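What follows is one structure encoded as structure tokens, with my remarks underneath.
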Amino acid sequence: MAGDDTELAEPSDGLPPRIGAPARRALERAGYLRLSQLADANEAELRQLHGMGPKALGILRDALAAQGMSFAGE
């Protein structure tokens, strides 16, 4: 289909670009590719991912809040 590049476009709820590469890789390895998926995860389990630090968690928390979402259990 000409002009239909939705498959190639980054999802509107993609991970925030401000998180660092180690945190992004950790999330992707764990299967989290979209911000909305993080609403099903609790902060404690994300904290256990290698490469996920307090700064990245704060950025993710703020990004979720901006979309009216939060980590599971909050």
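According to this note's numbering, the stretch in the sequence shown is residues 1433 to 1506, in order. Every residue gets a Cβ at the ideal spot worked out from N, C-alpha and C, and that includes glycine. Quick caveat: nothing in here was measured; it's all calculated off a predicted structure.
Can you find the residues in the same chain that come closer than 6 Å, C-beta to C-beta, to isoleucine 1491, ignoring five residues on each side of it along the sequence? Pro1448, Arg1450 and Ile1451
Using 10 angstroms around the beta-carbon of alanine 1488, count the other beta-carbons present and answer buried if the total reaches 16, otherwise exposed. buried
Assigned exposure category for alanine 1476 - 16 Cβ within 10 Å defines buried: Exposed is the call here.
Measure the alpha-carbon distance for serine 1493 versus glutamate 1460 and round it to whole angstroms. Contrary to the premise, residue 1493 reads as arginine rather than serine in this sequence. Using only the alpha carbons, I get a separation of about 17 Å.
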